[in-house]
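Protein chains in written order, with our numbering: chain U, -10 to 211; chain B, 730 to 993.
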Amino acid sequence: MDWGTLQAVLGGVNKHSTSIGKIWLTVLFIFRIMILVVAAERVWGDEQQDFVCNTLQPGCRNVCYDHFFPISHIRLWALQLIFVSTPALLVAMHVAYTRHEKKRRFRNGEKIDIEELKNEKIHIRGPLWWTYTSSIFFRIVFEAVFMYVFYYMYDGYQMPRLVKCSAWPCPNVVDCFVSRPTEKTTFTIFMLAVSGICMMLNLAELCYLVIKICMKESRKTT
Amino acid sequence: MSWGFLCDLLSGVNKYSTGIGRIWVAVVFIFRLLVYVAAAENIWKYDHDEFECNIKQPGCENVCFDHFFPVSHIRLWALQLIIVSTPSLLVVFHVAYRENREKHHNQKLYKSPGEIDGGLLCTYLISLVLKTGFEIVFLVLFYKLYNGFKVPRLVKCDIRPCPNTVDCYISKPTEKMIFLYFLVATSCLCIVLNLSELSYLIFKYSIKCYLKRYIKKQRQVSKSDCHKSEITVSKRQKSVEGAYATNRAQPPSLSVRSQSHFPF
Chain U
-10 MDWGTLQAVL GGVNKHSTSI GKIWLTVLFI FRIMILVVAA ERVWGDEQQD
40 FVCNTLQPGC RNVCYDHFFP ISHIRLWALQ LIFVSTPALL VAMHVAYTRH
90 EKKRRFRNGE KIDIEELKNE KIHIRGPLWW TYTSSIFFRI VFEAVFMYVF
140 YYMYDGYQMP RLVKCSAWPC PNVVDCFVSR PTEKTTFTIF MLAVSGICMM
190 LNLAELCYLV IKICMKESRK TT
Chain B
730 MSWGFLCDLL SGVNKYSTGI GRIWVAVVFI FRLLVYVAAA ENIWKYDHDE
780 FECNIKQPGC ENVCFDHFFP VSHIRLWALQ LIIVSTPSLL VVFHVAYREN
830 REKHHNQKLY KSPGEIDGGL LCTYLISLVL KTGFEIVFLV LFYKLYNGFK
880 VPRLVKCDIR PCPNTVDCYI SKPTEKMIFL YFLVATSCLC IVLNLSELSY
930 LIFKYSIKCY LKRYIKKQRQ VSKSDCHKSE ITVSKRQKSV EGAYATNRAQ
980 PPSLSVRSQS HFPF
């Protein structure tokens, strides 16, 4: 069980997405999940081991690390990816439910073409439109929330080289050095940029869906 | 052998679950298993190496770590995931038993082996009760073992061979606490889902049962009405025949009267 399972589930959702939705999924897979697994995890892998404080006082390093990194970047990204991918599952569940209902009606004797049922491209309209639009809305909200949490927790998106720590049992103000700060800053900014792109894609998709439905309604009334 | 096996098992269970059951499977996969593998496991990876005591006495750190963490949080989490998913196997076994029985007798014994009715309903309900029970047991175990769901930064240890009371520092306590709360929240969510599914199934099948009995009763009542009117008809027929035998001029006028006793 790893990111591959999430990938398999989201791949299923791909069939019922708009084109912008498909681009969003591609960006998510390649520029976020893959980068996280292949690169970012290595950069943050040795974080506490190489977090060095200018003191021999036992416990000072642990306490200072915990004070400055209450929750590691890498874990926050993993949570962000999980939460941002989850709304897409709502759509997958809705489609599965619709198919299940059609199968049930077919079994009860209504005339539905089986081949058509199997290969049917589910169109985003009616209740599915609402599910799809809410999933995009939640995605945007989760992205924004996580970006804010990052900003709030780490006072911006830059990783400092040196932090000054005076938490007990450190005897005085002690200098502590973060490992690989530049590389970490680079990846943080990269992940931030990709989050921003994903948010833009979600907003564009939302606008597209709303405009499409408005145009349809106006065509019906005229 | 890894978490993939549990994934396959739960996917198999998904086929025979209700809607709420499927949501439960999704929550377990994504918010518990995936979070465990992708995030939580790495936090506790070096917890013993990074556990530091303010003493040079050999053995003191080991003894103190063992005293404060008899079973590591992450191992308890893994055990919880495995044990909570296992009751679903009961349902899978029962369906397999039904399919086997159909094969053995070479005839269709059930409407559908996966249909939740009769014995399979009982098995399903038992599995829900067991799942909920195990979740609660693990939550209580976490609470009792670690005095709540907090992870302190500092613990004071005075077990031999530590010479006096020694300060020991736990690594990444805040991060561990955040993920522990996440675990508790998802466990509670799963408990709520299980209880709702349980109440839904009990409600649905008791309504079904009640309706069946009601319809049966109605049918019985209407049958006994039919029977009574048949007796009345046959008695009248005999008296009429008797009267007809004595007075052939009088035509029988039964049909209208008898029809009024028939409900259809």
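We put the CB at the ideal spot given by N, CA and C, even for glycine. Computed from a predicted model, the values in this text were never measured in an experiment.
First and last residue of the uninterrupted alpha helix (DSSP H) at residue i
| i | result |
| --- | --- |
| residue 879 (chain B) | Element bounds for residue 879 (chain B): n/a, residue is neither H nor E. |
| residue 151 (chain U) | Per DSSP, residue 151 (chain U) belongs to no alpha helix (DSSP H); it is in the beta strand (DSSP E), 151 to 154. |
| residue 896 (chain B) | Counting along the chain, residue 896 (chain B) falls outside any alpha helix (DSSP H), though it belongs to the beta strand (DSSP E) covering 895 to 898. |
| residue 71 (chain U) | 62 to 96 |
| residue -5 (chain U) | -8 to 3 |
| residue 811 (chain B) | 802 to 814 |
| residue 196 (chain U) | 170 to 210 |
| residue 120 (chain U) | 116 to 142 |
| residue 753 (chain B) | 748 to 756 |
| residue 157 (chain U) | Premise fails: residue 157 (chain U) is in no alpha helix (DSSP H) and is neither H nor E. |
| residue 834 (chain B) | 817 to 834 |
| residue 790 (chain B) | 789 to 797 |
Under 8 Å between C-beta atoms of residue i and residue j
| i | j | result |
| --- | --- | --- |
| residue 919 (chain B) | residue 756 (chain B) | yes |
| residue 739 (chain B) | residue 754 (chain B) | yes |
| residue 744 (chain B) | residue 816 (chain B) | no |
| residue 810 (chain B) | residue 855 (chain B) | no |
| residue 849 (chain B) | residue 833 (chain B) | no |
| residue 181 (chain U) | residue 12 (chain U) | no |
| residue 866 (chain B) | residue -9 (chain U) | no |
| residue 913 (chain B) | residue 863 (chain B) | no |
| residue 911 (chain B) | residue 800 (chain B) | no |
| residue 218 (chain U) | residue 907 (chain B) | Beyond the ends of chain U as shown, which are -10 and 211, falls residue 218 (chain U); an answer cannot be given. |
| residue 789 (chain B) | residue 890 (chain B) | yes |
| residue 916 (chain B) | residue 868 (chain B) | yes |
| residue 770 (chain B) | residue 803 (chain B) | yes |
| residue 43 (chain U) | residue 162 (chain U) | no |
| residue 922 (chain B) | residue 752 (chain B) | yes |
| residue 772 (chain B) | residue 926 (chain B) | no |
Supposed close pair residue i, residue j - CB separation, criterion 8 Å
| i | j | result |
| --- | --- | --- |
| residue 168 (chain U) | residue 35 (chain U) | 6 Å |
| residue 165 (chain U) | residue 41 (chain U) | 7 Å |
| residue 62 (chain U) | residue 177 (chain U) | 6 Å |
| residue 875 (chain B) | residue 930 (chain B) | Wrong, their Cβ atoms sit about 35 Å apart, outside the cutoff. |
| residue 31 (chain U) | residue 183 (chain U) | With a Cβ gap of about 18 Å, residue 31 (chain U) and residue 183 (chain U) do not count as contacting. |
| residue 113 (chain U) | residue 15 (chain U) | Rounded, the Cβ-Cβ distance is 19 Å, inconsistent with contact. |
| residue 149 (chain U) | residue 170 (chain U) | 6 Å |
Beta-carbon neighbours of residue i, restricted to chain B and to distances below 8 Å
| i | result |
| --- | --- |
| residue 161 (chain U) | Those within 8 Å of residue 161 (chain U) in chain B number zero; the least Cβ separation is about 17 Å. |
First and last residue of the uninterrupted beta strand (DSSP E) at residue i
| i | result |
| --- | --- |
| residue 164 (chain U) | 163 to 166 |
Beta-carbon neighbours of residue i, restricted to chain U and to distances below 7 Å
| i | result |
| --- | --- |
| residue 781 (chain B) | 47, 48, 51 |
| residue 900 (chain B) | 37, 51 |
| residue 703 (chain B) | In this structure chain B extends from 730 to 993, so residue 703 (chain B) is not present and cannot be described. |
| residue 838 (chain B) | Within chain U, no residue comes near residue 838 (chain B); the closest Cβ sits about 19 Å away, beyond 7 Å. |
| residue 768 (chain B) | 64, 67, 68 |
| residue 907 (chain B) | 60 |
Residues that residue i contacts on chain U, provided the C-beta gap is smaller than 8 Å
| i | result |
| --- | --- |
| residue 772 (chain B) | 61, 64 |
Cross-chain neighbours of residue i in chain B, by beta carbon under 9 Å
| i | result |
| --- | --- |
| residue 15 (chain U) | In chain order: nothing, as chain B lies at least about 20 Å away. |
| residue 158 (chain U) | 783, 883, 896, 898 |
| residue 78 (chain U) | 755, 759 |
Partner residues on chain U for residue i, Cβ-Cβ distance less than 9 Å
| i | result |
| --- | --- |
| residue 903 (chain B) | 55, 56, 58, 59, 60 |
| residue 913 (chain B) | Residues of chain U passing the Cβ test: none, with the nearest at roughly 16 Å. |
| residue 812 (chain B) | Within 9 Å Cβ-Cβ: nothing; residue 812 (chain B) doesn't reach chain U, min ~17 Å. |
| residue 763 (chain B) | -10, -9, -8, -6, -5, 67, 71 |
Item to check | Inter-stretch contact (C-beta, 8 Å, three-pair minimum) for the stretch 14 to 34 of chain U and the stretch 66 to 79 of chain U | outcome: yes
Checklist entry - Does the stretch 895 to 914 of chain B come close enough to the stretch 773 to 791 of chain B that 3 or more CB-CB pairs lie under 8 Å? => result yes
Checklist entry - Would you call the stretch 934 to 948 of chain B and the stretch 781 to 794 of chain B in contact, with 3 or more CB pairs under 8 Å? => result no
Checklist entry - Would you call the stretch 47 to 58 of chain U and the stretch 152 to 162 of chain U touching, i.e. three or more CB-CB distances under 8 Å? => result Touching, per the Cβ criterion.
Checklist entry - Taking one C-beta from the stretch 123 to 131 of chain U and one from the stretch 185 to 195 of chain U each time, how about it: are there three or more such pairs within less than 8 Å? => result Touching, yes.
Checklist entry - Is it true that the stretch 755 to 770 of chain B meets the stretch 884 to 894 of chain B, where meeting means three or more beta-carbon pairs spaced less than 8 Å apart? => result With a cut-off of 8 Å, the stretch 884 to 894 of chain B and the stretch 755 to 770 of chain B do not count as touching, because too few Cβ pairs lie within range.
Next on the checklist: So, does the stretch 129 to 142 of chain U touch the stretch 79 to 95 of chain U, judging by three or more C-beta pairs under 8 Å?
Outcome noted: No, they do not touch.
Checklist entry - If you pair each beta-carbon of the stretch 114 to 121 of chain U with each one of the stretch 131 to 140 of chain U, do three or more pairs fall below 8 Å? => result Three or more Cβ pairs closer than 8 Å define a contact, and the stretch 114 to 121 of chain U falls short of that threshold against the stretch 131 to 140 of chain U.
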